[in-house]
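J.: First residue of the sequence shown: 328, per this note's numbering; consecutive thereafter. Pasting a structure below so you can have a look.
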Amino acid sequence: MITGQEYVDRIDGLQNKIWIEGEQVTGKLSEHPAFRGILKRKAALYDLQHNTSYQDLLTRQSSETNERIGFSFEQPTSKKMLKKRRLATQCLARMSAGTMGRSPDYLNTAIMTLGTSHTFFEEPFQWNILSIYEQAKKQDLSFTHTFINPQVNRSTHYVEYSDDNIIAAKVIDETDKGIVIHGARLLATQGGLTDQILVFPAGGNFVEPAFIYGFAIPSNTPGLKFICRESYAKHASNTFDHPLSTHFDEMDSIVVFDHVLVPWDRVFLYQNSRLAGQMYQETQLNIMLLFQAISRQAVKAEYLLGIGDLLAQTIQITDYQHIQEKISELIMTHEIMKSLLISAETNATKNKFGTMVPDPKPLSVACSYFQKTYARLVEILHLLGASGYISLPTEKDFDSAIGKDLDQYLQAAGANARDRVQLYRFAWDLTMSAFGSRQTQYERFFFGDPVRLSCSLYHAYDRKACIEQVKAFLKDDK
Ligand SMILES: Cc1cc2nc3c(=O)[nH]c(=O)nc-3n(C[C@H](O)[C@H](O)[C@H](O)COP(=O)(O)OP(=O)(O)OC[C@H]3O[C@@H](n4cnc5c(N)ncnc54)[C@H](O)[C@@H]3O)c2cc1C
């Protein structure tokens, strides 16, 4: 169980190959304007593990080593443990108003799920995923991940066959040391900011053996390169002006593998299309990840309600019926997300690997529902605040000679000018700034394409009893 400083030192020490805005990062990542905010806030989450007020919730004493380990590495084997897991995830999510999608517990959950269901994988690869899990647990490692290919041609008949013009990362060689990967993968949130990268088989191409692989390697493996998008944090050094961008820009990156040698002992899936196709379903990786994600989203829904209501009170618009209706939409989402989560937890069952797995039905519903609803919640905040989001001075303005004007003209019925602007800036940064726009796109897509996820729900959901009931009703009516 590491401290925040240990996490930062470890990431700085890796000297991962990270490119941003045409330059390779050369100094310490923790001092770079694009990354220092998020690293500091992630470090604060690691520090919480050592805070006696949180330790019981966020860690447990390992029965094997007698040392404390982070909660997300622990296999939940009872409903009580699932509940603790939810509360711990939500405790971390509250620290970022639900905006840090990849707090370390997200991918630790993936490693835990795969490690504890290692017998799903073939010999000898199953021992590799087990040791990757054991190492991660022992060293409190952090991960980024990639599970999609570059967006070149998404038509159903497209398969990339060429060896001369490689785009999607594939195996180009096999040696006694391991497999050699060349090409690119999308889209690693926090790519380069973690100890290791977890690479899953990319959906849709389990035909060509060269594309069927799963492994975890250190982020500084030779030949590995992370190409970042533009930073939303680099100009955001003032927390009053950019309360979220300053701290929580997680960064997203294209991952480039330039003849990367992946040692055999880091490979857990190889050239087995059946296992690649069944991995998510059989190990229940998707469900365990969803449980983490929905727990975080329920916290975000809580924040959206709090912000919307406070904003309405601040400018005294709460008596209007359409405002009440809009806030009741925020209430509904908050309650629906909470209820679906509790329902999944209450109806959890143990799987064949001994993991207590939440009921997938309410979690899949919550996932598809939030993917669609989140943009509406954002719209509600926009409608409540109107031009208030545009007339937003900076802290510097307040501290200047025109500060008195701002105090006078930006005051609101329920708050002084500074407090009102601070609240509006929070809502703006969550929904309208570059950081906020990415949040909307993240909630739509981070778990996969909303269209195909809804289709999966359609196919997986057992509707037989509902249909039979209708048939019986009609029969009785004859
Ligand atoms: C902010 C953000 C962070 C992310 N972080 C990560 C990460 O850390 N790791 C990671 O691996 N991925 C990450 N992703 C990527 C995410 O997994 C994908 O966005 C998602 O799987 C959809 O794939 P795509 O973006 O390539 O869209 P595409 O598959 O290219 O879809 C584009 C459009 O075409 C439609 N379409 C395409 N194919 C089909 C089809 N077969 N049937 C019907 N419609 C189709 C889609 O509905 C969509 O409208 C992230 C995405 C975002 C936005």
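C-beta atoms are modelled at their ideal positions from N, C-alpha and C, and glycine is treated no differently.
Taking only three categories from DSSP, how would you classify Tyr701?
T.: In this structure, Tyr701 counts as helix in the three-state DSSP scheme.
J.: Does ligand 1 have even one heavy atom less than 6 Å from the beta-carbon of His472?
T.: Flag set: Cβ of His472 near ligand 1.
J.: Hey, would you say the C-beta of Phe773 is under 6 Å away from at least one heavy atom of ligand 1?
T.: Phe773 Cβ: within cutoff of ligand 1.
J.: Taking the CB atoms as reference points, tell me whether Ser546 and Ile581 lie closer together than 7 Å.
T.: Not closer than 7 Å, so no.
J.: Roughly how many angstroms separate the alpha carbons of Met427 and Phe575, rounded to a whole number?
T.: Between Met427 and Phe575, the C-alpha separation is close to 6 Å.
J.: Have a look at Gln749 and Thr610 and give me their C-alpha separation to the nearest angstrom.
T.: Approximately 45 Å between the Cα atoms of the pair.
J.: What are the start and end residues of each continuous beta strand (DSSP E) run of 3 or more residues lying completely inside the region 384-408, in chain order?
T.: Here the runs fully enclosed are 386-388, 395-397.
J.: My assumption, with CB atoms under 8 Å, is that Ile475 sits in contact with Leu514. Please give the rounded CB distance.
T.: Contact flag correct, Cβ pair sits at about 7 Å.
J.: So what's Leu551 in DSSP terms, helix, strand or just coil?
T.: Looking at Leu551 - three-state DSSP - the assignment turns out to be strand.
J.: Cβ-heavy atom distance between Thr573 and ligand 1 below 6 Å?
T.: No.
J.: Give me the Cα-Cα distance between Lys677 and Pro403, rounded to the nearest whole angstrom.
T.: Rounded to whole angstroms, Lys677 to Pro403 spans 9 Å at the Cα level.
J.: Do Val479 and ligand 1 come close, with the Cβ less than 6 Å from some heavy atom?
T.: Flag unset: Cβ of Val479 not near ligand 1.
J.: Using only the alpha-carbon positions, how far apart do Gln768 and Tyr701 sit?
T.: Rounded to the nearest angstrom, the two C-alpha atoms are 9 Å apart.
J.: What are the start and end residues of the alpha helix (DSSP H) that includes Arg512?
T.: Run containing Arg512: none in the alpha helix (DSSP H); it sits in the beta strand (DSSP E), 505-516.
J.: What residue range is occupied by the uninterrupted beta strand (DSSP E) comprising Val583?
T.: 579-590 is the extent of the beta strand (DSSP E) around Val583.
J.: Mapping DSSP to helix, strand and coil, what is Ile475?
T.: Reduced to three states, the DSSP call for Ile475 is strand.
J.: Exposed or buried, Gln605, counting other C-beta atoms within 10 Å across all chains shown (16 or more means buried)?
T.: Exposed: under 16 other Cβ atoms inside 10 Å.
J.: From which residue to which residue does the alpha helix (DSSP H) around Pro545 run?
T.: From DSSP, Pro545 is part of no alpha helix (DSSP H) but of the beta strand (DSSP E) over 540-545.
J.: Under the rule that 16 or more other beta-carbon atoms within 10 Å means buried, what is Lys627, buried or exposed?
T.: It is buried - the Cβ of Lys627 has at least 16 other Cβ atoms within 10 Å.
J.: Near Gln806, what residues of its chain come up, given a Cβ to Cβ distance below 6 Å and the 5 sequence neighbours on each side ignored?
T.: Because the chain is modelled from 328 through 805, residue 806 falls outside the range shown and cannot be assessed.
J.: Under the three-state reduction of DSSP, which class applies to Glu348: helix, strand or coil?
T.: Coil at Glu348, not helix or strand.
J.: Per DSSP, Val526 is paired with what?
T.: Val526 pairs with Thr473, Phe542.
J.: Can you tell me where the alpha helix (DSSP H) with Asp374 in it begins and where it stops?
T.: Asp374 -> alpha helix (DSSP H) spans 363-375.
J.: Given this structure, state the Cα-to-Cα distance separating His786 from Ile338, to the nearest angstrom.
T.: The straight-line gap from Cα to Cα measures roughly 42 Å.
J.: Just to confirm before moving on: does the CB-CB distance between Gly505 and Pro451 stay below 7 Å?
T.: Contact flag unset, no.
J.: Given a cut-off of 7 Å on the beta-carbon distance, is the pair Phe538 and Lys497 in contact?
T.: Taking 7 Å as the Cβ cut-off, Phe538 and Lys497 qualify as a contacting pair.
J.: Take Ala437 and list the residues in its own chain whose beta-carbon comes closer than 8 Å to its own, dropping the five residues that flank it on each side.
T.: Result list for Ala437: Phe470, His472, Leu525, Leu612, Met615, Leu616, in chain order.
J.: Tell me the DSSP bridge mates of Glu501?
T.: Looking at the DSSP assignment, Glu501 forms a beta bridge with Ile506.
J.: Hey, Leu385 and Ala424: beta-carbon distance below 7 Å or not?
T.: Contact: no.
J.: Please find out if some non-hydrogen atom of ligand 1 comes closer than 6 Å to the beta-carbon of Ala495.
T.: The answer is no for Ala495.
J.: Can you find a CB in chain B that lies within less than 7 Å of the CB of Lys406?
T.: Among the protein chains of the structure shown there is no chain B, as only one such chain exists.
J.: Along the alpha helix (DSSP H) that carries Tyr607, what are the first and last residues, could you check?
T.: Element bounds for Tyr607: 600-610.
J.: Over what stretch of residues does the alpha helix (DSSP H) that includes Leu657 continue unbroken?
T.: 648-673 is the extent of the alpha helix (DSSP H) around Leu657.
J.: Spatial neighbours of Asp705 within its chain, please: CB distance less than 7 Å, with the 5 preceding and 5 following residues excluded, ordered by chain position.
T.: Looking at the sequence shown, residue 705 is not Asp but Val. For Val705, where only same-chain residues beyond five positions count, the Cβ hits under 7 Å are Thr758, Thr767.
J.: Can you tell me whether Cys782 is buried or exposed, with buried defined as 16 or more other CB within 10 angstroms of its CB?
T.: Looking at its Cβ environment, which holds fewer than 16 other Cβ atoms inside 10 Å, Cys782 is exposed.
J.: So is Ser666 buried or exposed if we call it buried at 16+ other beta carbons inside 10 Å?
T.: The residue in question, Ser666, is exposed, as its Cβ has fewer than 16 Cβ neighbours within 10 Å.
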